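Below: the structure, in structure tokens.
4 protein chains.
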Amino acid sequence: MHRRIKTFKSIVTNYKAVFFDAFGVLKNHQGLIPGIVKTFEFLDRKGIKYYILTNDSSRSPEMLAKWYQDRGVWQVTSDKILSSGMLAMEYFKVKVANGNAVAYLGTENSAHYIETAGLKTVAVKDIDLNDLGHIESFAFLDDEGFNWNEDINKTINLLRKKNMTVVVANTDINYPVSQNEISVAVGSLANMVEKIIGKMFIRFGKPDAQMFLLAFERALLDINVKRNEILMVGDTLYTDIIGGNKFGLDTVLVLSGNTLPDMALIRISSSGIIPTYICESAVIE
Amino acid sequence: MHRRIKTFKSIVTNYKAVFFDAFGVLKNHQGLIPGIVKTFEFLDRKGIKYYILTNDSSRSPEMLAKWYQDRGVWQVTSDKILSSGMLAMEYFKVKVANGNAVAYLGTENSAHYIETAGLKTVAVKDIDLNDLGHIESFAFLDDEGFNWNEDINKTINLLRKKNMTVVVANTDINYPVSQNEISVAVGSLANMVEKIIGKMFIRFGKPDAQMFLLAFERALLDINVKRNEILMVGDTLYTDIIGGNKFGLDTVLVLSGNTLPDMALIRISSSGIIPTYICESAVIE
Amino acid sequence: MHRRIKTFKSIVTNYKAVFFDAFGVLKNHQGLIPGIVKTFEFLDRKGIKYYILTNDSSRSPEMLAKWYQDRGVWQVTSDKILSSGMLAMEYFKVKVANGNAVAYLGTENSAHYIETAGLKTVAVKDIDLNDLGHIESFAFLDDEGFNWNEDINKTINLLRKKNMTVVVANTDINYPVSQNEISVAVGSLANMVEKIIGKMFIRFGKPDAQMFLLAFERALLDINVKRNEILMVGDTLYTDIIGGNKFGLDTVLVLSGNTLPDMALIRISSSGIIPTYICESAVIE
Amino acid sequence: MHRRIKTFKSIVTNYKAVFFDAFGVLKNHQGLIPGIVKTFEFLDRKGIKYYILTNDSSRSPEMLAKWYQDRGVWQVTSDKILSSGMLAMEYFKVKVANGNAVAYLGTENSAHYIETAGLKTVAVKDIDLNDLGHIESFAFLDDEGFNWNEDINKTINLLRKKNMTVVVANTDINYPVSQNEISVAVGSLANMVEKIIGKMFIRFGKPDAQMFLLAFERALLDINVKRNEILMVGDTLYTDIIGGNKFGLDTVLVLSGNTLPDMALIRISSSGIIPTYICESAVIE
């Protein structure tokens, strides 16, 4: 392990591809991390491929990419984005029988993406608990877009009434909404429901191997690459770094997000999750 | 252990006092358990004392007692009721400095009870996050009376901003609202918040010894009694029975509530929680 | 909350009684905390009562007291010591039928104490799994005195074969054995077994209210005292301080044990467990 | 979902490849499941590929294969076996610097396999806690081959002294040793140590996607196959079935092992883990 603090530029040139976490690495609550566009320009010049792995099931890869493009980072196209929502959609595509519906908690946007795969969806608030014949699966998609008081209780009684597979399309337990404030993420709501009904849900998202596999398979469409030729860049030890380490990638912890500079070494030591490198940020000047 | 199924009448006459759980023993979602008034008449005739131990912080003992009296059970007076909300109130009375306030999630009723002890309360929705000087403690009182979407997120940011003791005044994770439907209880909301902010809350309610101690101290005001002369009657292995066993009481599992007749022996065997007796119900004909 | 760092002497004189944790407060791996005898002399002069609350089921109160007396602290007599082992013994005395036996993991010393109450015990290694008729309860007493490889596996199969109440007489998950080394405590072994067999054990020890109740009842034999006239002194937020707070006692965190001076405020802030006071140690010069 | 009970033969012919769990499907505590050799003969005749996925890090694929061959199932060669131990070995091969050592708990056999990859290993009992410079990683390999009392405590102090990545090469918490008896698996020992030291370990084994990925990549060397053309066959809902479902495979729950016939539907309903099919066994007459 080489835990010296190095520049991101000196590290990244040793790899064929980079996997980026989004929040805390490329963007934060104020918008793009300043200067991050130069990182993509540099990677393009060097012929290093890049992909973004994000625990997000609130919108489609196209919508996620548009956010970057609206801010001048035209390099981030939808094919560069791998989200936990994509894993959920793949799951439903294979597992839900034709004509049946996926019940969900989330926004209309989050459901729309699943519908692009030809599946039917139905919001919890629109479900009739006495007519569940066509509902085959359940998805926790987003913490917004529904009334928690009413629809969480309705979800619990729905899942007690009919046994079905439940998918949690974003495992995060919270997310930042401003410099100092956070919000409950849909992963926490799912954990609460799971404990109350005593069943076991299927979860998609980092640190689970399936997110890294999705990105790895995408990279293989572009280049011939081995796992140890890929660099995972993230700001969170418990998702990005442990997940990357376990999948056989080298890892960089950046200090531009969740893990603050003065706490980085303490957190590494107390967690036992050891990144290959530590960098101030992923910005290449 | 005497796990034979006996009549409640033949058991209870061997004790000086009875501790009753409320829901599933004395009442259910439809109202009083039919015939339960005769149980109180019998106990009065025999001079056996009775107390009700309930994980409830949604209203005062007076209001809880009124429910029984409105239904003709005049024996249940407020001095017979010991609730987890009383433990919370006692805690705040001792620990919150004069003039400071307890922030809460719950109904106005649930807060009113704390105010009868001379304490100030403030609902989360009325808190200014930039003016927390007078707020000294936090209470999870009830799952109703507030907007979950807004006020749970506000609670999280309040507790991140100012370090204070957090009290969960009802540890139940759900409660029945009809024959087949349940609702999230405030204990589940507290568990979710606790996990997100990573702090440790103080919980009051069965199976914790403090509930049994509260009832035992109340009983000692009425009679001279030892713990093994008290019978705990409940419908839930995980709260009533294990709590009673641990406190040194003999215990009766009744089959009129949570634990259904055909599952009782399987649940006892799989949980390892062994009541002294099993009865159909606490009704004495 | 008064979190100023004060001298222990200036605090303790405001109380009628003191509850001490043992390890990290009165003693450490090297022996007595230097100067602690003067604290007992001071308390005697002022007429302040003192009791020691310890998560220890490895030996009797008499043997625990002898340790202090052998080191010149004659003030610590067995009636001043309240151990989690005493709660276990009380439980068995009430709950185990005459003639039946308690199976145990631990040393012979730890079992001997239970036998002084007239109960039979049998070490796991001496049990015949085909002849369990006389075994009625199980106790985790100590991490020493048995072969972990053989006897933990035998315990699991014993508890799968016969349903019985299981008591964990010390909830600690580890304990210090030298300046830098710790050892697995019996509480961790019990947690592992509980998870494998899926049953629910009864646990005795701080922070549970029953330990504080035991000490409170003992204190009431000596003096007329209310809970808010008692000071709990401990070195561990997660057992001594949260337990004392919840029971309605004022609490002192001392920095002579588990919680190091430079980490105390960070730990209080990150745990949300707030002592009434912080002191360097419980020594009174 | 097609939860009708069908014959394994009628199901398997719809797939290009089969993933088998070992214990409870192909073998049990008495040896081979009677008649299972005919299943392999049938699959060979039909040109259906097969692979065995096992949470086992106690020995090499060669040794695991030899067990089948010794019993006349010459079809199970080492290239058909994918074990959690292989994932651990791959991890160490990429992550441990040349010349450094992996400390381990387990048998010599379990360590020998890691050494075949050119790595050094050192048993916990042979470690000098004052000379850890060359030790870079830690592996939980097997529950046998060491003294639990001494070496688990030594492991805890080793991991407190030097921060390193810890790999748990078998996530199972117990395993059967006879008709009615089970034994603690190394996954339980790892869970206990992880909780005591408060760090986060890396785990390999079903239900984690990485085990299914390993087998899928192996299958792709033999045939061109998509995930929904593969059938996962297992006896345990919590590892085989939920893992297979999540990876996008169709799944068969067999009733020849962990999940008994009369409990299958109850367990499916109470867990929410729903296999595509249920079969008596994987035997094809």
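Protein chains in written order, with my numbering: chain L, 2 to 286; chain Y, 2 to 286; chain D, 2 to 286; chain G, 2 to 286.
Ideal Cβ placement from N, Cα and C applies to all residues, glycine included.
All figures in this text were calculated on a predicted structure; none of them were measured in a lab.
Top-ranked residue by Cα proximity to residue i, from the options
i              : options                        : result
K155 (chain D) : D:E42, D:S257, D:L130          : D:L130
L54 (chain G)  : G:F24, G:Q70, G:D71, G:G32     : G:F24
R161 (chain L) : Y:E182, Y:F93, Y:F9, Y:Y176    : Y:E182
A283 (chain G) : G:P208, G:R268, G:G258         : G:G258
A265 (chain G) : G:A118, G:S111, G:D236, G:L44  : G:D236
S58 (chain Y)  : Y:A112, Y:D132, Y:S138, Y:F43  : Y:A112
K10 (chain L)  : L:R46, L:L33, L:H30            : L:R46
K126 (chain Y) : Y:L222, Y:T240, Y:A98, Y:E151  : Y:E151
N56 (chain G)  : G:A89, G:G36, G:G48, G:W75     : G:A89
T117 (chain Y) : Y:S61, Y:I224, Y:A98           : Y:S61
K200 (chain L) : L:S270, L:W75, L:K163          : L:K163
V307 (chain G) : G:Q180, G:L232, G:L261         : No information on residue 307 (chain G) is available, as it lies outside the stretch 2 to 286 that chain G covers here.
Q70 (chain D)  : D:G100, D:K94, D:K28, D:Y92    : D:K28
K7 (chain L)   : L:I269, L:V253, L:D263, L:S270 : L:V253
M64 (chain G)  : G:N110, G:K94, G:V255          : G:N110
G146 (chain G) : G:Y114, G:G107, G:V234         : G:G107
G48 (chain G)  : G:N148, G:D223, G:I269, G:L238 : G:D223
heavy atom of the ligand FAD below 7 Å from residue i C-beta
i              : result
Q211 (chain D) : This structure lacks the ligand FAD; in fact it carries no ligand of any kind.
Cβ shell of residue i (< 7 Å), same chain only, five flanking positions each side left out
i              : result
G73 (chain G)  : V38
T78 (chain G)  : A66
G273 (chain G) : none
G32 (chain D)  : R72
H3 (chain D)   : Note that H3 (chain D) has pLDDT 46, beneath the 50 cutoff, so the model's placement of it is unreliable and no number is given.
V178 (chain L) : H30, S184
Own chain partners of residue i with C-beta closer than 8 Å, once the 5 adjacent residues on each side are dropped
i              : result
V123 (chain Y) : A102, V103, A104, Y105, I136
R228 (chain D) : F217, F248, G249, L250
E230 (chain Y) : Y16, K17, A18
I128 (chain Y) : A104, I136, K155, L159
A186 (chain D) : D144, N171, D173, I174, N175, Y176
I267 (chain L) : none
I198 (chain L) : I157, L160, R161
Proximity test, Cβ basis, 8 Å: residue i and chain C
i             : result
W75 (chain G) : Structure shown: chain C not included; protein chains present are L, Y, D and G.
Three-state secondary structure (DSSP) of residue i
i              : result
G86 (chain D)  : helix
K7 (chain Y)   : coil
A138 (chain L) : The question names Ala, yet the displayed sequence has Ser at residue 138 (chain L). Looking at S138 (chain L) - three-state DSSP - the assignment turns out to be strand.
V38 (chain L)  : helix
K121 (chain L) : strand
D22 (chain L)  : strand
V328 (chain L) : In the structure as shown, chain L starts at 2 and stops at 286, and residue 328 (chain L) therefore has no counterpart that could be examined.
A283 (chain D) : coil
I203 (chain L) : strand
R72 (chain G)  : coil
M2 (chain D)   : Summary for M2 (chain D): the model assigns pLDDT 43, below 50, so the residue's position carries little reliability; its value from the coordinates is reported in the next sentence. Residue state, collapsed to three classes: coil.
I115 (chain Y) : helix
A220 (chain G) : helix
A210 (chain G) : helix
Chain-order list of residues whose beta-carbon lies under 6 Å from that of residue i (same chain, five-residue window excluded)
i              : result
V226 (chain L) : K17, A18, A220
F43 (chain Y)  : I285
V167 (chain G) : F139, F202
P208 (chain L) : T240, I243, G244
S189 (chain Y) : I174
Exercise. With a floor of 4 residues, list each alpha helix (DSSP H) that falls wholly inside the region 231 to 274 of chain G, ordered by position along the chain.
Key: 243 to 248, 265 to 272
Quiz item: Going along the chain, which unbroken runs of the alpha helix (DSSP H) with 4 or more residues stay wholly within the region 142 to 201 of chain L?
Solution: 149 to 162, 187 to 198
Practice problem: Could you run through the region 157 to 185 of chain G and flag, in chain order, every residue whose CB is less than 8 Å away from some CB of chain L? | Solution: L160, N164, M165, T166, V167
Quiz prompt | Positions along the region 200 to 211 of chain G whose CB lies within less than 7 Å of some CB in chain L | solution = K200, M201, I203, D209, A210, Q211
Quiz item: Any residues in the region 247 to 272 of chain G with a beta carbon nearer than 8 Å to a beta carbon of chain L? Which ones, in chain order?
Solution: K247, F248, G249, I269, S270, S271, S272
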